Amino acid sequence: MTSFLRNQWYVIGWARDIGTDCYARTVCGEPILVYRKANGSLAAMRDACPHRLLPLSMGLREGDNIRCRYHGLMLGPDGCAVEMPIRTQAPNRSVCAQSYPVLERYGFVWVWIGDAARADPALLPDFWMCEGPDWVFDGGTYHVKCDYRLLVDNLMDLTHETYVHASTIGQGELMESEITTHVEGNQVRVERWMANIPPAPAWRGMAEGGNVNRWQICHFVMPSNVLIDVGVTPVSAGATLEDHPIHSFVINAMTPETETSTWYYWGAARNVDIDDPERTARTKAIQAKVFGEDLEILEAQQRSIETNPDLKLAAFNIDSGGVRSRLAISRAIREQG
Ligand code: FES
Ligand SMILES: [Fe+2]
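Mapping of the sequence shown onto this note's numbering: position 90 corresponds to residue 86, and the numbering continues sequentially without gaps.
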């Protein structure tokens, strides 16, 4: 059975990276070409010429059209022929590369994988903290050679920080705090509240030598996104799980490329010091380092899964968030038939 959930919006790239040049990425096994038209709006189509399947992304942009670089078939931004290889022939408008619903939101470009007639902007995952005048958001991309669900597991269980991220955000107290998992429909939330603990290496200095309260509230959002409310405040600030300031989210959008590879779009959104580009750059550099540490683990885990086909993943109580998220994904995949 496929591991891809269809009839969903997926991030195909950062909006800033997609211009009038050809931009190609595979989403859920489907190679897709995206580009901007002269008026800035987006076109997305299957990255395969309807003639002999040469990737259209190797082609030539002409106005808002794309000309295949093999025999010169020219397609409009809707993916359908506007000029045949023999130019005196009338264009056959039934010669088309599949086009995809595409839209721009939250700093990303999203494509709809599935039945185009069902594409509805209202079904976009709600990344509310990635836009709006009071928030700033930035991040990067990693290509990870693993099943996207391993990334969901990883982000819905941050216990791994103790070992994988020991020099930055890891600390032993992660192993001593209870986690609670809440499920509402397809939404899964894992909460970890660490009261009155020493700050991890990345936050030393913020509490003037004193202890902090630290929290991680991980929200799984279909089909493959994890938004994490993270925070650390001095104990004297008196924050609680129910009543804490929301200043910072870690954003994770995992777009399956193949069954065993993923485009991982990550970033951080915050609503403090929003006019401080140096802080934004610093945060991005730290995230790049931290998530780079995960890559090695995730790719080794994928290889190990493939070399041990007789073994199954085990689930401990720390895995409850990932397990519940996977259940939501597999239930939806079953329902899609
Ligand atoms: S392969 Fe594209 S025109 Fe022939
Ligand atoms: Fe990690």
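Beta carbons are placed, not taken as given, at the ideal position from N, Cα and C, and that holds for glycine. Note that the structure is predicted; figures quoted are calculated from it, not measured.
Three-way DSSP call (helix, strand, coil) for residue i in this model
i    : result
F287 : helix
N150 : helix
T177 : strand
I270 : coil
P27  : strand
W10  : strand
D315 : helix
A264 : strand
M171 : helix
I193 : strand
W211 : strand
E157 : helix
A20  : strand
W131 : coil
R2   : coil
T276 : helix
R200 : coil
T137 : strand
Sub-8 angstroms separation of residue i and residue j beta-carbons
i    : j    : result
N61  : M70  : yes
E100 : L38  : yes
R14  : T155 : Rather than Arg, the amino acid found at residue 14 in this sequence is Ile. Result no, Cβ atoms of I14 and T155 do not sit closer than 8 angstroms.
F104 : A11  : yes
W262 : L119 : no
K285 : T158 : no
Q212 : I193 : no
S334 : A40  : With the chain covering only -3 through 333, there is no way to say anything about residue 334.
D143 : Q298 : yes
L1   : P219 : yes
A235 : W131 : no
Candidates the options: closest to residue i by CA position
i    : options                   : result
A112 : L147, V91 and D74         : D74
R201 : G103, I325, P230 and A328 : For the sequence presented, residue 201 should be read as Gly rather than Arg. It is P230.
W199 : V228, V179, R185 and L223 : V228
I175 : G168, G181 and V186       : V186
A233 : R210, F245 and L1         : R210
D149 : N35, N221 and P273        : N221
T137 : S300, I329, S244 and L291 : L291
F287 : S90, L170 and Y260        : Y260
K141 : Q85, E302, R188 and V319  : E302
V160 : G68, T254, R42 and A296   : A296
S244 : P305, T(-2), V91 and W124 : W124
R42  : A86, A328, I109 and I82   : I109
G317 : I270, E180 and E58        : E180
D122 : I247, V91 and G206        : I247
T16  : P305, V30, T84 and T22    : V30
C-alpha distance - residue i paired with residue j, whole-angstrom precision
i    : j    : result
P195 : V208 : 6 angstroms
G135 : T279 : 9 angstroms
I8   : P97  : 12 angstroms
A310 : S321 : 15 angstroms
P241 : E172 : 23 angstroms
A277 : R65  : 39 angstroms
L294 : R145 : 10 angstroms
E289 : G166 : 12 angstroms
A93  : L56  : 15 angstroms
A281 : R275 : 10 angstroms
F216 : T256 : 20 angstroms
W106 : L50  : 24 angstroms
M190 : G168 : 11 angstroms
message: My parser needs the alpha helix (DSSP H) runs of 4 or more residues fully inside the region 38 to 125; what are they?
response: You should have found no qualifying run.
Residue ranges of each alpha helix (DSSP H) within the region 218 to 261, 4 or longer: Runs of the alpha helix (DSSP H) inside the region 218 to 261: none found.
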